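Below is one structure, written out as structure tokens; comments come after it.
Chains as they are written, first to last, in the working numbering: chain D, 1 to 383; chain Y, 1 to 383.
Take a look at the structure:
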């Protein structure tokens, strides 16, 4: 409750960030202009500017000619990379997207991969997809500020896949280490549901919503959480793993769809859910029953998330979200009686782009954090 | 990603707070000293100081005599109240504690109340306990900065008890409205488990831990969450209400203890759990079985919280925490197989003080937030 002596250096950091913010996203500014915009004294701004020049966050431009008297020194913000790369490692496909620092995707690629592909085959596909996306964007690896990779499984803080049942030979993989060697910039790894949740908050159904439970319903059933608008990873990256509790129905949910008794032999596994929903849409009784059972089991895990967290919104995403018109009614019917109050429920419209766009967003957030966080930025930007 | 026009007023707010912080916890300071400590320009500090004087956050002191030249104007921080009052409304007792703004409890009172006491009897007991605690502390009502009240039940953001099965005639009570009329300062109302969680983070088992699931195991079973070190209330104040999911065992957990077949007739209901644990400690088989069943059911709800949130720590509090030596082994045995990794588990040592101290802490946080939050403070302190 009192001001400690350590606040002097903290105050200087705050002033450094204030100065950086005044310069970021602007054309070159003079010291006088920086002083005006920050409200700081001129000696303070001079000292801060020197420090920021020394640490590489600012660059000094040649003084503008044609002015009377001594020309004013001009400074501008110095970015350390102009693009980010997001990657989504799925069971049946790899997606990569290159975006600029404003978040505009300038190129993206999707490559197929076999669901039974092992570790080395899948990693090769990941690298090939990244190379193609970068080539398509005409962006060199040296122009990347951050890479972010999404994967199913529990991901540790240092980017290892600690636990994964969805992909062959993926359990225990040091994914950040494997891909980190391919890039000169930081490589982040994050759980795919967490990334999809982030995308919903960025450009999807959860814009402006602080606390969100995102439920990925597709080949697998999983969840990612936003709390205070940020991904909540938990102690070991395992937040949202409510599906691991056998008392609740997520472990068996998709089996109701894949086990649909009238499934034609030529329907691929990744198309099974959508086929059952299409049949249910026509009123076919066995398909309607399969959807009913699926909704019942999905509701149990969602109810546990709702009762634990009381989120402002639940977003249903993943492949099943394309069939929201069929799913929502039975889901509401099973879910609402399990909750104290009916939760707000939305169906994602981002479909299979949510994870790769979330990887882009997390990479951008990482760039921003390096710029803005008064506790972790400085003394110098990473090369 | 760009600096918007609205940042000018935000920058002024930041500078206002910087100025307030420089003055808070200090003796009177001159403008020159404030300028030096903040790094702001003198015209900026003069303008900010006038605004803070006008809004009541600062007071101006008489200039010190005996100096050469024009005496310097002196300013100091102006607190709006010197104490907070915390109240815990329980089934069997009402607790009240008066603390100063450093969080030191200067007086506290506990008064008994019947578990079957209705709304008006219980409210009368609350008021009487508060009056006695204030008298004991020799603190007048006008000296209170904030009052905070803890109650069982789901509490809305405006301090209504939206849902409560634990106390008679308590469901739907506008508790903030009822008690707000008794005090001139803000009256906050919060769920008791949330407050106990806050206390664990403040002075208990969860100090320095960001993400905590606190489980109240006593007359009732409930939970409160800390995320990022702050109480996570959720959309409607219902976070932690995992006990409402009948698939999990919390709704029946305490019945294993209260239904102990060898319970003597003279054991009061509020003493039942402790009696069974004491018997289990001696090895009495029926008591051991009751504890085993209790641990089994408690573990299911805890596992759901752990899998949903992946907290850094689970703290077991409430009356049962006094029997942690008997409970922990069976609880771990039932809990660990339900979780992906065994969660860190601690038993509270705060016993029945956790809720009232949490009320004190939340009141202090409210005082701090009014002082420090750049988004909500200003233009003026509440009277």
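Cβ atoms here follow ideal geometry from the backbone N, Cα and C, with glycine treated the same way.
Please read these numbers as outputs of a predicted model, since none were measured by experiment.
Original post:
What runs of the beta strand (DSSP E), each 3 residues or longer, lie entirely inside the region 266-340 of chain D?
Top reply: 313-317
Original post:
Which residue or residues does DSSP assign as beta-bridge partners of residue 190 of chain D?
Top reply: D:150
Subject >> DSSP state of residue 233 of chain D mapped onto helix, strand, coil >> reply: coil
**OP:** In angstroms with no decimal places, state the Cα-to-Cα distance between residue 3 of chain D and residue 90 of chain D.
**Re:** Model confidence at residue 3 of chain D stands at a pLDDT of 30, short of 50, so the residue's coordinates are unreliable and nothing is read from them.
Original post:
Of all Cβ atoms in chain Y, is any one closer than 8 angstroms to the Cβ of residue 195 of chain D?
Top reply: no
Original post:
Cβ of residue 305 of chain Y versus every heavy atom of the ligand SAH: is any distance shorter than 7 angstroms?
Top reply: The ligand content of the structure shown is nil, which means the ligand SAH is not present either.
**OP:** Take residue 156 of chain Y and list the residues in its own chain whose beta-carbon comes closer than 6 angstroms to its own, dropping the five residues that flank it on each side.
**Re:** 162, 237
**OP:** Check the Cβ of residue 342 of chain D against every Cβ in chain Y and list those closer than 7 angstroms, keeping chain order.
**Re:** Per Cβ cutoff of 7 angstroms: no residues; residue 342 of chain D is ~11 angstroms from chain Y at best.
**OP:** Classify residue 81 of chain D as helix, strand or coil using the three-state DSSP reduction.
**Re:** coil
Subject >> Segment contact flag, the region 307-324 of chain Y with the region 254-263 of chain D, C-beta cutoff 8 angstroms, min 3 pairs >> reply: no
Original post:
Got a sec? Which residues, its chain only, sit under 7 angstroms from residue 202 of chain Y by beta carbon, not counting five neighbours each side?
Top reply: 361
Subject >> Nearest candidate by alpha-carbon position, reference residue 345 of chain D, set D:114, D:334, D:271, D:251 >> reply: D:334
**OP:** On a CA-only basis, which of Y:169, Y:215, Y:232, Y:241 is nearest residue 354 of chain Y? Give me that one, please.
**Re:** Y:215
Subject >> Element boundaries [beta strand (DSSP E), containing residue 61 of chain Y] >> reply: 58-61
**OP:** Could you spell out where the alpha helix (DSSP H) holding residue 176 of chain Y opens and where it closes?
**Re:** 175-180
**OP:** Taking residue 101 of chain Y and residue 82 of chain Y to be in contact with their CB atoms under 8 angstroms, please state how far apart those CB atoms are, rounded to whole angstroms.
**Re:** 6 angstroms
Subject >> Neighbourhood of residue 95 of chain Y by C-beta distance below 6 angstroms, restricted to the same chain and skipping five residues each side >> reply: 88, 110, 356
**OP:** Under the assumption that residue 396 of chain Y contacts residue 250 of chain Y (Cβ atoms under 8 angstroms), give the Cβ distance between them as a whole number of angstroms.
**Re:** Absent from the structure is residue 396 of chain Y, since the part of chain Y shown begins at 1 and ends at 383.
Original post:
Are the C-beta of residue 229 of chain Y and some C-beta of chain D separated by less than 8 angstroms?
Top reply: no
Original post:
Can you tell me the Cα-Cα spacing of residue 331 of chain Y and residue 279 of chain D, whole angstroms?
Top reply: 46 angstroms
Original post:
Which one of D:342, D:175, D:134 has the shortest CA to CA distance from residue 154 of chain D?
Top reply: D:175
Subject >> Distance between residue 149 of chain D and residue 383 of chain D (C-alpha atoms, nearest Å) >> reply: Only weak support is given to the placement of residue 383 of chain D: the predicted model assigns it a pLDDT of 39, under 50, and the value that follows is read from those uncertain coordinates. Between residue 383 of chain D and residue 149 of chain D, the C-alpha separation is close to 20 angstroms.
**OP:** Using a Cβ cut-off of 8 angstroms, pull out every chain Y residue sitting near residue 242 of chain D, in sequence order please.
**Re:** 304, 307, 308
**OP:** Please name the residue in Y:151, Y:347, Y:301, Y:129 whose C-alpha comes closest to that of residue 245 of chain D.
**Re:** Y:301
Original post:
For residue 289 of chain D, which of D:267, D:311, D:327 has the nearest alpha-carbon?
Top reply: D:327
Original post:
Could you give the residue range of the alpha helix (DSSP H) that holds residue 36 of chain Y?
Top reply: 31-38
Original post:
So is residue 41 of chain Y in contact with chain D if we call contact Cβ pairs under 8 angstroms?
Top reply: yes
Subject >> For residue 112 of chain D: DSSP bridge partner residues >> reply: D:93
**OP:** Taking residue 107 of chain D as the reference, give the member of D:117, D:130, D:126, D:358 with the closest Cα.
**Re:** D:130
Original post:
Buried or exposed: residue 228 of chain D, going by 16 or more other Cβ atoms within 10 Å of its Cβ?
Top reply: exposed
**OP:** Quick one: list the residues of chain Y neighbouring residue 38 of chain D, beta-carbon separation under 8 angstroms, in chain order.
**Re:** 11
Subject >> Proximal chain Y residues relative to residue 251 of chain D, where beta-carbon distance stays under 8 angstroms >> reply: Neighbours of residue 251 of chain D on chain Y: none; closest Cβ ~12 angstroms, over 8 angstroms.
Subject >> Distance between residue 329 of chain D and residue 275 of chain D (C-alpha atoms, nearest Å) >> reply: 18 angstroms
Original post:
Which residues in chain Y sit within 7 angstroms of residue 312 of chain D, going by Cβ to Cβ distance?
Top reply: 235
**OP:** Compute the Euclidean distance between the alpha carbons of residue 16 of chain Y and residue 48 of chain Y, then round it to the nearest angstrom.
**Re:** 6 angstroms
Subject >> Under 9 angstroms (Cβ pairs) to chain B, residues found in the region 146-179 of chain D >> reply: Of the protein chains in this structure, namely D and Y, none is chain B.
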